[in-house]
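Chemist: I have a structure here, written as structure tokens, and I will follow up with some questions on it.
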Amino acid sequence: MIVVAGQFRFPAENLELARAAMAAVIAGSRAEEGCLRYAFSQDVQDPCVFHVSEVWTDRPAFDAHMTQPHFADWRASAGSLGLHDRDATIYEAEAVQTL
């Protein structure tokens, strides 16, 4: 299982357009084979910060995701809208336990 966790930031003046771009990549990604979770959430204390949460069945599913047209569109849109301070980590989980 592949888990991606991280955060990024958008300029305040681009938040509405950024939300639309996020909605598009979320819809496309959730429809992909192997996607178990794909979400962005806005930080409660800093509305310009968004947290990333992705879970994929395996590395091939994640790698395929990175080649999808909706992901390329997201990267282009995010760049033009000023996404910055991106910090994301990929984890390979071998054991999963529900809390």
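Counting from 1, position 61 in the sequence shown corresponds to residue 61 in UniProt numbering; the numbering is continuous, with no gaps.
We put the CB at the ideal spot given by N, CA and C, even for glycine.
Can you pull the DSSP bridge partners for F8?
Modeler: F50
Chemist: For the structure I just gave you, are there three or more beta carbon pairs, one from the region 19-38 and one from the region 88-95, closer than 8 Å?
Modeler: no
Chemist: Using 8 Å as the threshold, is the region 50-66 in touch with the region 30-41, meaning 3 or more CB pairs across them?
Modeler: Enough Cβ pairs lie closer than 8 Å, so yes.
Chemist: Taking the beta strand (DSSP E) that V36 belongs to, which residues open and close that run?
Modeler: In the sequence under discussion, the amino acid at residue 36 is Leu, which differs from the Val named in the question. 35-42 is the extent of the beta strand (DSSP E) around L36.
Chemist: Use the C-beta contact count for A72: other C-beta atoms within 10 angstroms, 16 or more gives buried, fewer gives exposed.
Modeler: exposed
Chemist: In angstroms with no decimal places, state the Cα-to-Cα distance between V3 and E13.
Modeler: 30 Å
Chemist: DSSP three-state label for D87, please.
Modeler: In the structure shown, D87 adopts extended strand secondary structure according to DSSP, grouped into three states.
Chemist: I believe H51 touches Q7 by the beta-carbon criterion, under 8 Å. Please report the beta-carbon distance rounded to the nearest angstrom.
Modeler: 5 Å
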